[in-house]
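2 protein chains.
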Amino acid sequence: MPDPQPSLDEQIAIYQREYRDLDPQVERVVNALSRLDRRMSVAYGRQLATLGLSGAEWEVLKELVMVGSPYQLWPGTIAKRLGLTPAAMTHRIDRMLAAGLVTRERDEENRVRVIVGLTDEGREKWLQVMRQASAFEEYLLQDLNNEERAQLGDLLIRLLDRVSTHLD
Amino acid sequence: MPDPQPSLDEQIAIYQREYRDLDPQVERVVNALSRLDRRMSVAYGRQLATLGLSGAEWEVLKELVMVGSPYQLWPGTIAKRLGLTPAAMTHRIDRMLAAGLVTRERDEENRVRVIVGLTDEGREKWLQVMRQASAFEEYLLQDLNNEERAQLGDLLIRLLDRVSTHLD
DNA sequence: GCTGAAGACTTCAACTCTAAACTTCGAAGC
DNA sequence: GCTTCGAAGTTTAGAGTTGAAGTCTTCAGC
Chain A
1 MPDPQPSLDE
11 QIAIYQREYR
21 DLDPQVERVV
31 NALSRLDRRM
41 SVAYGRQLAT
51 LGLSGAEWEV
61 LKELVMVGSP
71 YQLWPGTIAK
81 RLGLTPAAMT
91 HRIDRMLAAG
101 LVTRERDEEN
111 RVRVIVGLTD
121 EGREKWLQVM
131 RQASAFEEYL
141 LQDLNNEERA
151 QLGDLLIRLL
161 DRVSTHLD
Chain B
1 MPDPQPSLDE
11 QIAIYQREYR
21 DLDPQVERVV
31 NALSRLDRRM
41 SVAYGRQLAT
51 LGLSGAEWEV
61 LKELVMVGSP
71 YQLWPGTIAK
81 RLGLTPAAMT
91 HRIDRMLAAG
101 LVTRERDEEN
111 RVRVIVGLTD
121 EGREKWLQVM
131 RQASAFEEYL
141 LQDLNNEERA
151 QLGDLLIRLL
161 DRVSTHLD
């Protein structure tokens, strides 16, 4: 009963023993992807913590910045993009409101709706995170030359297109 | 205030406007990675649901199979590998015990420890999921030829090594 | 052998998310 | 105009996770 996690190759070797019809090459890609994403999440999480931000807050800040000035979105839209229920959005915004990261007001053109906006403090937090994150990302990719980076990007986008059409 | 998510390129263009010192090529790789992983998680989640399994249960089954026969692990080890607290592990095992997927007994060689083992039903569930999942993964990679698959795997593993040393 | 300290799991309270019922507003149909 | 239906958010109850405190076991020092 070992404590350290088996290496990717060990893992795939065991999978093949347990289930013969497995393509090792496919498995190598898929499992590397999920391991990589999990560890990157851990790394990002640590960085966020040093800035006093939770992962949940960071996700919302990103969406608000991503629409560009004047940095406004409806809660339902944010919820959809993050894969959350509207109820979860309500609570997140409550907390971020208390932290001074966002504003919330009724949409006067359609009073059913609510408008969530970014505060200056929220925008400043986003910038701080981006400065840290881009340094980390550059570190992450330092072993890859420009050609390899482009290649990797292309391959990932082809998978992304495929999975996107699958989900529709 | 748009409802659809911006494309990857649109997103990066906006990020660059908001924060000039950003390398678009790096950003392209990193954001494609996270989008891809999120959507794959949604796809896997749907598949699991059709088999009456939760993502949490699937994670634990994977770890147990991954150590090979006799499919036993200590709760603390599983918790570490999944990035959970021991408390969460206790509750997960409670539920999986009730579902008949695992067993739990004291380790007689060291009575502080507990041994979690896989039941035949748990092993069967793992196989069912793998059959579905490998079909999906083959679909996901269908646009890539063998050379591209190998390339992608290699590049991902180089990133994986990098982030792993970073976390130590 | 006894005692104190450390390790592994469990218990408990607080927090976050989901699902479902509820409230409010706007738009159609009559 | 009044009613009904649908859309957007909020509220509430229940499930899962975390962090801290608690319990039980082992081991080292005496």
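Here the protein sequences come in this chain order: A and B.
Under UniProt numbering, think of the first position of the first sequence as 1, with each following residue one higher.
Under UniProt numbering, think of the first position of the second sequence as 1, with each following residue one higher.
Every residue gets a Cβ at the ideal spot worked out from N, C-alpha and C, and that includes glycine.
- Scanning chain B for C-beta atoms nearer than 9 angstroms to the C-beta of residue 39 of chain A yields 160, 163, 164, 166, 167, reported in chain order.
- Under the three-state reduction of DSSP, residue 141 of chain B is assigned to coil, being neither helix nor strand.
- In the DSSP assignment, residue 117 of chain B falls within the unbroken beta strand (DSSP E) covering 114-118.
- Residue 129 of chain B places its beta carbon 8 angstroms or farther from that of residue 116 of chain B.
- Residue 75 of chain A is classed as buried because its beta carbon has at least 16 other beta carbons within 10 Å across all chains shown.
- Looking at A/36, A/156, A/3, A/67, the one whose alpha-carbon comes closest to that of residue 167 of chain B is A/36.
- Membership of residue 85 of chain B in any beta strand (DSSP E) is not indicated, and neither H nor E is assigned to it by DSSP.
- Of the candidates B/86, B/134, B/138, B/120, the residue whose Cα lies closest to the Cα of residue 114 of chain B is B/86.
- The continuous alpha helix (DSSP H) containing residue 42 of chain B extends over residues 24-50.
- Residue 24 of chain B is a Cβ neighbour of residue 12 of chain B, given a cutoff of 8 angstroms.
- Residue A/19 holds the alpha-carbon nearest to the alpha-carbon of residue 66 of chain B among A/19, A/73, A/94, A/99.
- Counting only Cβ-Cβ distances below 8 angstroms, residue 8 of chain A has contacts in chain B at 157, 160, in chain order.
- DSSP places residue 109 of chain A outside both helix and strand once states are collapsed to three, so it counts as coil.
- Between the segment 34-49 of chain A and the segment 89-106 of chain B there are fewer than three C-beta pairs closer than 8 angstroms, too few to call the two in contact.
- Contacts with chain A at 8 angstroms (Cβ-Cβ) do not include residue 79 of chain B.
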